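Heads up: the sequence shown begins at 736 in our numbering, then just goes up one per residue.
Ideal Cβ positions, reconstructed from N, Cα and C, are used throughout, including at glycine.
Bear in mind the structure is a predicted one, so any value in this text is a computation, not a measurement.
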Amino acid sequence: MLAISQALSWSLALIGLFGVVFPLLVFGLLGFGFAQGLGERAQNQRGAGRWGRRAERQPERE
């Protein structure tokens, strides 16, 4: 096994953490939030009568 200095091993660990792990976590959380938003939008459209058929006109209030 290669003998590397303590400073180099810490540097590689920090590069891996901030360059790989954190960006993957951020993109994963953003993707999860985006998917949740799409699901909520679909629920709202279903409730408004816009899911798979034309929305019915609501009677106008006077």
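- If you draw a straight line from the Cα of Leu752 to the Cα of Gly772, it is about 29 Å long.
- Straight through space, the alpha carbons of Ile739 and Ala748 are spaced by roughly 13 Å.
- For Phe753, no alpha helix (DSSP H) segment is defined, and its DSSP state is neither H nor E.
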